[in-house]
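Chains as they are written, first to last, in full-length UniProt numbering: chain A, 1 to 252; chain B, 1 to 252; chain C, 1 to 252; chain D, 1 to 252; chain E, 1 to 252; chain F, 1 to 252; chain G, 1 to 252; chain H, 1 to 252. Yeah, the Cβ is synthetic: ideal placement off N, Cα and C, and Gly gets one too. If you're wondering where the values come from, they're calculated on a predicted model, not measured in any experiment. In what follows, a structure is listed as structure tokens, so that the remarks can point back to it.
What follows is the structure, given as structure tokens:
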């Protein structure tokens, strides 16, 4: 690829086909394009079939259709996040997609089968945190991960969480999604011996200040192994969970 | 009481012993003075021997000595909070006090014995929260409550807390003291069926912003029965806990 | 119950009916499930007829109907909070409920009669605080408490509050609901010798920042015996007030 | 005055004593200097003997001595605010000043006698607010106002305030100084029918966030007639109170 | 007045017309009602015809009509603030009011003529601040003050302000209304030798954070004589300005 | 100009045509009007054809039409910013304008051709930042600057930015528009040796708090030569960029 | 261990050595202690020789010595974080430790050799971020990870970072440590295809507000694969990086 | 330089001296190093003698001496900012520097003479803002700019600023330094037709919240041509001012 192209330019210089001066102009932007593509390639090398991602929020259905078609043409599946039901309907009129209204994620192309045996557990404090959790879960599934859901296991009813200890213990990565006091991440972080990705949600009212309470709570977690992503950022948590989960090995 | 005094004035008016004009002057401040004294009397009526409280912070040793002497003269014990070791030494040179450097509380006069069988449990998330917890515990003890301490039972090591479930379950009121993510209050609130007074502490660093993270976390607690006092306000929690605990009955 | 089940397992081990290894697996989750049910039972033991609570906000009418039916089947009344008029209408089409549009609370099943003589006073600073206050008052009434309302007694017109001193003085617990400067809690805290639960409201504009001004004001109250719940959290205040009020004894 | 000077220039032009071109240069800065001096003159016209003010904080004793001498030379008294005891000592070695360590205000030159019968009342919520209150009180006194102090009349002990209603009622302006929940301003604003200047103080701890709680509380006051100055700005309140008080008339 | 009423009661007691017991009941609420009514009376004594005020926001048209009718019956004019055009229409269908859609203020009953020669100047930084300024101006006019408007004289075009220096200089009180950087208050405070009431507005976008930028700016004003009311609180500024303006004397 | 007018007045005084007293009145407002007009003239002297600007937000179509007509009459083009499509339609019914719905800018009158060879580069982090960027770009173009757009070159895909290094390097001024983490300004500031004007946008969600994250990030830029304007303030950036760009010389 | 203990109890029940009732009491607290120890065991099973960790801040040298001795006795190495030089000296007088003053970390016992070939890269934006970075790096090294340091590669001098692309690309996990605008995490997140743990630091001044600017910037990172820990939390980042790195396999 | 080096590599390939494969490795890092050096060269090309800059804060005297010596060896002067008097003394013991204690800036090597006729004006609101202003002024002077200082011209005394209008008008760039309400930037921005760089300072107390009030005020400036740097960032303002000033041409 890019490295081949650079080599080719150099060989043309050696062969006298282009002058050094002209080659220099050609080389000028190469390494950067290389940078970009190399990264994508690295992905490919690691795991075939990883879909491309479009952040749907703030894009028109027309723009989404255009980008999706271009990506499908390159042969990869396409994951579209933050897609409102209205936008999904408009996109579906043009391209064949499967759409999940809870996670607000659409998928075009062939969905990858699980390519690892490592399990990601996605847990929520309450039922209202489920849309954010589903964004994480569907993202992770679309990237080839088996996902287990543990919803409504908030710390104010500890027995619900403890009753599922075996599920938690079986995870390679846990995504802990919670609003309000956001304590779920700390409790899970103390129970599990694996990375915990905390997702504060904007669920709540009053002094939660749009998710600030859960965010600060999670950042101040006294449990080791916990890190935090942006408020309501289910996709980011699912993507990172997949990245970590695949470090633990893929199916042979 | 006060109502008697007003009636007496009116009867003196009727009897012509005082003129209406003079009576009006007498009546002017009555209800307000009544207000103040009635409140104090009410206290006394309820529980003999409750000490008076001096908030030591920002007062000179001289001022503290003066106020304490005046209160001792009225026959009540005196609780002095937020007293630095230096100030305590200066005060101790003048009056006989017992001083606890951890809670920074001094006591002058006879300490009340427990006058209720209800137990207050004071729990902390970590060891650094102990000074605030001791302010609550010593305050509650000085007001006649049996106090049980559960220190360093933070949610990141849930087993430490769960191992003490029987202690928690035996409480009439729990004071939950925690900094950082402040999740202790929610977890205890979910486990216990009694009022939980949450005390956020300024313990921590970075995004705890001087106790803000624990404060918001506790205010957003999804457990019922939890209320919150100011950051580091051990005294307020201990005082309120005592008030509630005494509602459950006193020793006969 | 749970303790019986554990005992039964152990007896089966003794009897050789199950192997120690298999028993160990059975025991693994036991104590936690026990934990959960024990708590509910404890409630029941204390006060018969306490209703279950559903936080209606963010649940579909269908979900609410489902949960309510399941709870009614268990024989308890059901309190549904944060129920919009639209949702209430949809629920009422399926189950018989009584709905109060001011507090946005619905009740299904038999409402408990007052089971204590202790009185809870719910006071507000202004008329706009009434919906939050009603959430507290109706909650407390639904949990068996006699409730007295003192509305629009804000500190800028002190005479309105002072004219009702006798009502305030008669309370076992006061719920002080106020937006804007939130001073009501401190003033009541200074007048009364009982626990005061302060509820900041988001009522106001400009520098009240969604209830932050009242919240900070109440947390910084210099009156003893005051604690604070989340902004607009009328339910939490009513629930805690009921908990404390019942500590003062129930009707024989 | 300034207007005379402009007129004089114009008359000199008319008289041919100066050329129009030269006059234009003279006039160029006039209106602005006029602006400045007119303001000072206006002061003078109104009330003889008003002292000049130096904000001492951040100035070296040497600078303060220099400015003070220059002002004394112009014949006015000099008020120096925010002067630390150390700086005061250094200044006192050079100029004769009277220094008050509580308000941290020094005065050089002849102190004005009260020149109005209108009374300013300075009230504080607690004893720790006194330094800020004294800055307001001493400033107002130095500007010729009779000042009455009502200290430690915070709203958590309402009877202390109500017992002094007659003093409050006698004020033309009230300066209400309070930290923590800052409710004093609202309560006084509701009791009095005169302008109330609220001064939030940084006194407190935890969720008072350096005076923010009192500041927001005062800005959200539901009492009419209340306005607010910066946290701890005793001087600003005293100066404004004097300005308003003098509008009510001066001694003949 | 009230004092007369108390005296009368006492004289009736003396005369035996009422029993002391009955008198005590009458007196019970007197001081408080007195407190309230005395305040109103004091107003009356000073300036005849001052209207009562209703804060319209959050009240139904029905409630507003009811309160207005009751006040009109007492003979005073009624000022209704924060009244939306829709609510105004509904109220106007029941009572005769004059309504100003810019200030969102309605007036019922006879409007008072100016009763003082002192002039209030209301100035704004931009044209978008005008609604808040009109709330201040119309309030002040309704309370009997001559008001001069200086709109769109923001500090970024200083010449517009300076061209109106004579108007500013003629004021007894200035109300400075500004959003964004809120510098108008400081500049006017430096130019004028009278009280300046600063009203931050929520006008602006981005880092103005709903008026916070103007609020902080105004609180930190380095000009003496400036105090601040809540964001967008035109009524509060107009009311306080009227209070101060009337201290400077009324028309004979 | 103004200086001529003052001289003329003085000469009339010298000639006895006007009295000094009358001249004084004429002179009173002169410098300020001078101030205003001089500024406009200074503009004109520098660059002919610069359009006047109307901030459309918060003005009615009628007001905009009125101001525009008055400006067109003075012979200058008119730039109208923050004009909604609806308002644009209403204005277009009255005056001939060209309207760009992305930047929400309309132009009336003759558009100036580029009058400098210096190039302004407007770069964005993402595609959602484009509306703000277009406000900057169209503003700068309307003020006579050649503008190059570099959109969607955010730092998370550095190769996209580096591939356009030659464009960046060719700029006299760069406007860096970015939401979320706002890192674009620092990276460009490190790459370029020209002034970089950073525009934080409110694009994002969760912990971006309406643009606060990008704003703080840009203010803390460790690259030299970076300064910041208000969140979403594309116009301000475009205007300042034009001002700086023209310092580098105009076309001869 | 614990599982053995439970099994042993069950076997004793089977053998009739203890009654089921007595066993039940023994079992009661078991699972929780089990919970705790199981976690430690899990660690052990995975990687022999992992040290225990003591958070040194807020503990006295005496306490640290005590805990360390107890841990050494159990045979594990001990990592002590946040240890001031003074405390380190006091501890060193009692136990043999190696102390690193930059990271403020001490180690007692045998340091584990690298047990994995995966490499962790710790990068900083500036030189002042190094202490926090060293806390991360030394922690990771102490947990058996090879660590590569890339210091002072902030985004304002992009070439410094790009020149080390090969190092970055070789990492299994990157810890990105930066204060001020915190853009380093986004840039690295865009360049690398591995998990990036972002550590905001409190380095900076002014509008960095104690690390808030970097924190918000990192949370809003538009690069996938980035998560964030608390401000200055080098230990947390190093611990989590080690956890993830070991998922990629250990040395055979 | 770098471009020469690339050309040289390509010519060696052409000449067969190195293989294309080996050349590719050499080229890999080139463009980035080129990036860095090109930038420095670009500087040099433009203006000979520009000094290098060291941010002294957080560096030891030893480190500063080392870096300075290395820079002096390269032939450029060295500007050291944020150097405390103690550090300056230690550095001065090793290298010959001139140190200014007000701006806390040291200079080593030959100071550049002014190389442009364009004038930078540095203005402050108060005297306490002078240290920040001097950091800007000395920086700009060290970079070859004539600098005029206008100190203590805050908006509360507008005449002081207006009296210096001619100085302001003569500037190519203005640096406006102010704390408290930060209004200076807007007023100057409205008066001048040149870029204004606003520097908020942390000077003030109470509600200035460490410079936040001035920062927000400046960001919300309604004057065109104003941009903002970090709180107290005098160096950044001076550097940017110099960059802009040199765009207006250098001395021939």
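Quick check on residue i: does DSSP put it in helix, strand or coil?
i: residue 188 of chain H; result: helix
i: residue 241 of chain G; result: helix
i: residue 99 of chain F; result: strand
i: residue 163 of chain G; result: coil
i: residue 253 of chain E; result: Since the first and last residues shown for chain E are 1 and 252, residue 253 of chain E lies out of range.
i: residue 49 of chain H; result: For residue 49 of chain H, the predicted structure reports a pLDDT of 47, less than 50, and the residue's modelled location is therefore unreliable. A value from the coordinates is still provided. Reduced to three states, the DSSP call for residue 49 of chain H is coil.
i: residue 78 of chain D; result: strand
i: residue 20 of chain G; result: helix
What residues are listed by DSSP as bridge partners for residue i?
i: residue 255 of chain H; result: Since the first residue shown for chain H is 1 and the last is 252, residue 255 of chain H is missing from the structure and cannot be characterised.
i: residue 123 of chain A; result: A:150 and A:176
So residue i is in the beta strand (DSSP E); what residue range does that whole segment cover?
i: residue 203 of chain B; result: First-last for residue 203 of chain B: undefined, no H or E at that position.
i: residue 107 of chain D; result: 105-108
Return the first residue and the last residue of the alpha helix (DSSP H) that residue i is part of.
i: residue 53 of chain F; result: That residue, residue 53 of chain F, is in no alpha helix (DSSP H); its beta strand (DSSP E) goes 52-55.
i: residue 219 of chain E; result: 212-219
i: residue 143 of chain A; result: Careful: residue 143 of chain A lies outside any alpha helix (DSSP H) and carries neither H nor E.
i: residue 72 of chain A; result: 61-73
i: residue 88 of chain H; result: 85-92
Give a yes or no on whether the C-beta atoms belonging to residue i and residue j are separated by under 8 Å.
i: residue 101 of chain B; j: residue 144 of chain B; result: no
i: residue 220 of chain C; j: residue 208 of chain D; result: yes
i: residue 199 of chain D; j: residue 237 of chain D; result: yes
i: residue 188 of chain D; j: residue 139 of chain D; result: no
i: residue 234 of chain G; j: residue 132 of chain G; result: yes
query: At a cut of 8 Å, does the region 208-222 of chain C reach the region 183-193 of chain C through at least three beta carbon pairs?
result: yes
message: Under 8 Å: do the region 135-150 of chain C and the region 230-250 of chain C share three or more Cβ pairs, one atom per stretch?
response: yes
query: How do the region 121-135 of chain F and the region 149-158 of chain F stand: do at least 3 beta-carbon pairs fall below 8 Å, yes or no?
result: Segments in contact, yes.
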